[in-house]
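Protein chains: 2
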Amino acid sequence: MSETDTDIQDAPGVAESELDEDDRLKPEFVRAVLDAVQNGDDEAARALVEPLHPADIADLFELASHEERRDLARAVTDLLDGDVFAEMNDYVREDLIDALEPHQVADIAAELDTDDAVAIIEDMEEEDQRAVLRALDPDDRAAIEEALSYPEESAGRLMQRELIAVPEHWTVGHVLDYLRGNEDLTTDFWEIFVVDPAHKPIGTCELSWILRTPRGVSLSDVMKREQTLIPVEMDQEEVALRFQKYALISAAVVDASGRLVGMITVDDVVHIISEEAGEDALLLSGAGDGDINEPVLDSYKARVRWLIANLGTALVAATIISMFEGTISRMVTLAALMPIVAGVGGNAGTQTMAVTVRALATNQLTDSNSMRTIRREILVALLNGSTIAVVLGCAVALVFQNPALGGVIAAAMMTNILIAGLAGVIVPLTMDRFNADPAVASSIFVTMTTDSMGFLVFLGLATAAGLTA
Amino acid sequence: MSETDTDIQDAPGVAESELDEDDRLKPEFVRAVLDAVQNGDDEAARALVEPLHPADIADLFELASHEERRDLARAVTDLLDGDVFAEMNDYVREDLIDALEPHQVADIAAELDTDDAVAIIEDMEEEDQRAVLRALDPDDRAAIEEALSYPEESAGRLMQRELIAVPEHWTVGHVLDYLRGNEDLTTDFWEIFVVDPAHKPIGTCELSWILRTPRGVSLSDVMKREQTLIPVEMDQEEVALRFQKYALISAAVVDASGRLVGMITVDDVVHIISEEAGEDALLLSGAGDGDINEPVLDSYKARVRWLIANLGTALVAATIISMFEGTISRMVTLAALMPIVAGVGGNAGTQTMAVTVRALATNQLTDSNSMRTIRREILVALLNGSTIAVVLGCAVALVFQNPALGGVIAAAMMTNILIAGLAGVIVPLTMDRFNADPAVASSIFVTMTTDSMGFLVFLGLATAAGLTA
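Chains as they are written, first to last, in UniProt numbering: chain A, 1 to 469; chain B, 1 to 469.
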């Protein structure tokens, strides 16, 4: 806010030396900072880092390696404020926080709104957490302890307690005088909540309305009485969906008795919207959290479980194949062709599954249109199946000069793509019906189905047709 | 804003009859509305729909089938305002807009901010578009025509032209008088832009600062001079990343000469953040747009291309297998076991690829840390590979009472998981380096690699080891 601030953001046509066209820090710049730190030239490092936005300083720490991070933190300690930590990747933050003394963490937490302070403290070991809380002043401590009493990933953890709440009988003039006269009120708010004497929200005023309304007008005449309230126990994913659905900038958080206890602003939710939307690809592949900053052993544990589950489903498929060893030994070409039927079927299943999981995650697919969606996917599968079956059947018939083999593989391909389409939509729908996250385990079942059925139908038909070389 | 509004949002403990716990319309409610429409009881349908939030009315249309949608639109035409269309899924909106007369579309567009009006008009056929533009009043028409002159999916399409811009020499009092005295200014703004005489932005004031500052203070003393500007040609995905990175609520849009031409607010960007983050799972599977409301033929076209590409990669794998038909005929069990090596390897590759694609999409993976990330993924692959190889090798050796077979499959599994890890990180990194979207085609290459190498290494080792039944 001071006049000495310089324009550090890029204006069009003015190339920013530190950032590339995607707002990422340039590798040369990152290298220059880390080299300065390594050469003990803290002054040079600080000079480079100081003009950066907190979000870019956070990125810088993410791009440094584990060892470089701590040296960098030592070199630019005074620039490492709460805003930087609030913007930092969870794993990188934990890594850095581990290296700090509790009183240093407390100093950082004290600067922040409750939600950002909680994000820093909630992942610490219990003992360190207690040490940090002891080092905070009583007000901050009480606020953070209350936030920590709410479930992880709930609205209570996400909300800030700093907000503006005023009584209904006030006028716009009262509000202006109150805001101007109280130095210690938050500046981080986008609407004002109107509450009744029991501190229950009864309306909300966007700041633009207050600015556009004469002083004498009563709040009860400008406030909007319909507002979206967030229960303090609500899961953050639902909070994010609600912000998205109703295009909210901020929302009041209420406790079980309906009293206003906090406020969530959209900037705290944007990260969650992005994370929740992006995690489907990771969950479908069984990559767990899938963060490149996650410790290697955690990644290993998350992924190997999935690979072992997959090994199990592969064994089912192998067992099915082994039932047809007689058929294969009479015509070894079947062994070369059978992975095509399983593989393309698996792919068709993955497509349908990705679409279904996404539609479920965005609340576009509900009981009201699930039958219609199943019919739609069957139709797409029939079209895809016919196309692929014709192409593959003709190619095989021609290459092997064996129309029967072409017919068998075409029929098997058609069947498996249809099965894949059905499994791809029904498996996630069923998981969702039983309140399981459809992104988590659907692909295990879908792949098992398309693999097993692909081999079974193809080798079964080949056996029935009495194919031999 | 009127006092007769009733509280239509859910308060904790107060069950909303129309919405389930996830803010989705209940199937019974949807059915009741559609039944009323079908029975010609438009009055009853309107009574049910009227209390809904525009976002929920939009959902209702999405949940109805193509045929039901038009009847529903006819029944509740007066409730179908611009806000409802702005919240609606693109395909459903197109479907409905097709059924409306140009002057009806013009009436709806006239109510909206430029960005929402453009979203409705941009997908229309050129002829219909011209008819709608003709039906608009000249000011609205000029604004929309200018927006349409910017590239699709650019900031220029996304921005609204309605904003508050004031000169630097004004005081807070000037701003308040200006806002109170001009009825036709927008109410949808979260910050005020300070501009120089050439209309170039030089600073920004959050509304909360203006509210907290006495009338006599000059804007140049409260405004923040560092601000994030959005070039009007910037791609919407980059706009979304910038909003997310710098936690913006709104941002000024500037043209090539640096003049302020519009404003983007976070509620317009939240949908894009969610879409861009969610599309990776769809793109990785080759499901195209992957919207359940997309016309069946469009879905077919998008998906079948991918399946045909996959058929091509499956043929490569089949060719490799066919080179080993002699080995397989000496030991048919190999045919049953080989899909395990290819399948689990494919899965390991997909995991690494999903992590890499996500890290690239969120700008967490850049040239600064790509070598480190590759080393990290090799380490994870070595751990996963050893675990799976030991489990699988022992199981095969025991089941088939054939230690040599166990050794061969263990070695092949280890090799393929390592290859999968390398391909999973290097393929997306390479695509990104060549400015191709790594989510779009990576999985074709990764799957081809893990399939082909899985079969090649396993059957190759079996041949070298001289395995026979």
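Each residue gets a CB set at the ideal place from its N, CA and C atoms; glycine is no exception.
Owing to the predicted nature of the structure, the values given are computational and were not obtained by experimental measurement.
_Same chain, Cβ closer than 7 Å to Ala85/A, neighbours up to 5 away in sequence not counted_ = At residue 85/A the sequence reads Phe, which differs from the Ala that was named. Arg93, Ile108 and Ile120.
*Mind checking which residues open and close the alpha helix (DSSP H) that includes Leu461/A?*
Pro438 to Ala464
_Considering just the uninterrupted stretch of the alpha helix (DSSP H) at Ala339/A, what are its terminal residues?_
The amino acid at residue 339/A is misidentified as Ala; the sequence shows Pro. Its alpha helix (DSSP H) spans residues Thr333 to Ala361.
*Does DSSP put Pro167/B in a helix, a strand or coil?*
strand
*With respect to the alpha helix (DSSP H) encompassing Ile388/A, which residues constitute its N-terminal and C-terminal limits?*
Ser370 to Val399
*Kindly give me the distance between the Cβ atoms of Thr352/A and Leu365/A, rounded to whole angstroms, as I take these residues to be in contact under 8 Å.*
Actually they do not touch by this definition, with Cβ atoms about 12 Å apart.
*6 Å Cβ shell around Asp83/B - same chain, five flanking residues per side excluded*: Closer than 6 Å at the Cβ level, and outside the excluded window around Asp83/B, lie Pro54.
_Classify Gln401/A: buried if its beta carbon has 16 or more other beta carbons within 10 angstroms, exposed otherwise._
Exposure of Gln401/A is indicated by the presence of fewer than 16 other C-beta atoms within 10 angstroms of its C-beta.
*Roughly how many angstroms separate the alpha carbons of Pro167/B and Asn182/B, rounded to a whole number?*
Going by C-alpha positions, Pro167/B is about 16 Å away from Asn182/B.
*Starting from Ser452/A, find everything on chain B with Cβ-Cβ shorter than 7 Å and list it in chain order.*
Neighbours of Ser452/A on chain B: none; closest Cβ ~10 Å, over 7 Å.
*Where the beta strand (DSSP E) containing Gly288/B begins and where it ends*: Taken as a continuous stretch (DSSP letters only), Gly288/B belongs to no beta strand (DSSP E), as it is neither H nor E.
_For a minimum of 3 consecutive residues, which ranges assigned as the beta strand (DSSP E) are wholly contained in the segment 166-219 of chain B?_
191-195 and 201-206
*Can Asp59/B be considered in contact with the ligand ADP, in the sense that its beta carbon sits closer than 7 Å to one or more heavy atoms?*
Ligands displayed in this structure: none; no statement on the ligand ADP is therefore possible.
*In chain B, what lies closer than 8 Å to Leu176/A by C-beta?*
The contacting residues are Leu211.
*Using a Cβ cut-off of 8 Å (strictly closer), state whether Ala45/A contacts chain C.*
Although the question refers to chain C, the structure presented lacks it and instead comprises the protein chains A and B.
_One question on the structure: do Asp59/B and Leu25/B come within less than 8 Å of each other, judged by their Cβ atoms?_
yes
_residue 470/A, DSSP secondary structure in three states_ = In the structure as shown, chain A starts at 1 and stops at 469, and residue 470/A therefore has no counterpart that could be examined.
*Option in Val269/B, Ser154/B and Val239/B with minimal Cα separation from Glu122/B*: Ser154/B
*Partners in chain A for Asp367/B, counting only beta-carbon separations shorter than 8 Å*: Pro27
*Whose Cβ in chain A lies nearer than 7 Å to the Cβ of His53/B?*
Tyr246
*Would you say Trp190/A faces chain B, with C-beta separation under 8 Å as the test?*
Flagged as an interface residue toward chain B: Trp190/A, by a C-beta distance shorter than 8 Å.
*8 Å Cβ cut-off: residues of chain B touching Ala462/A*: Chain B residues near Ala462/A: none, gap ~13 Å exceeds 8 Å.
*Cβ distance (whole Å) where Phe189/A is taken to contact Ser208/B below 8 Å*: 5 Å
*Chain-ordered chain A contacts of Ala397/B [CB-CB under 7 Å]*: Residues of chain A passing the Cβ test: none, with the nearest at roughly 14 Å.
*Put Gln104/B into one of helix, strand or coil per three-state DSSP.*
DSSP places Gln104/B in helix when its eight states are reduced to three.
_With three or more beta-carbon pairs closer than 8 Å as the criterion, would you say the segment 291-300 of chain B touches the segment 285-305 of chain A?_
no
*Applying the criterion that 16 or more other CB atoms from any shown protein chain within 10 Å of the CB defines a buried residue, is Ala45/B buried or exposed?*
buried
*Check each candidate in Thr327/A, Ala73/A, Val253/A and Glu50/A and name the one with the smallest Cα separation from Gly203/A.*
Answer by Cα proximity: Val253/A.
*Just checking, does the segment 332-347 of chain B make contact with the segment 317-328 of chain A on the three C-beta pairs under 8 Å criterion?*
yes
*At a Cβ threshold of 8 Å, is Thr468/B touching chain A?*
no
*Answer yes or no: does any C-beta atom of chain B fall closer than 8 Å to that of Gln364/A?*
For Gln364/A, a Cβ of chain B is located within less than 8 Å of the residue's own Cβ.
*List the endpoints of the continuous alpha helix (DSSP H) containing Pro231/A.*
First-last for Pro231/A: Leu229 to Pro231, but that is the beta strand (DSSP E), not the alpha helix (DSSP H).
*Return the chain-ordered list of same chain residues with a C-beta closer than 6 Å to the C-beta of Ile249/B, the five sequence neighbours on each side being excluded.*
Trp190 and Val266
_Residues of its chain near Thr4/A, where Cβ-Cβ distance is below 6 Å and the 5 sequence neighbours each way are ignored_ = Any reading at Thr4/A needs caution, since the residue's pLDDT is 36, under 50, leaving its predicted position unreliable; the model's value is listed next. Cβ neighbours of Thr4/A beyond the five flanking positions: none.
*asked:* Strictly under 8 Å for the Cβ-Cβ distance: is Tyr91/A near chain B by that measure?
replied: Judged by the 8 Å Cβ criterion, Tyr91/A is not in contact with chain B.
*Flag this pair as yes or no: are the beta carbons of Leu429/A and Ile378/A separated by less than 8 Å?*
no
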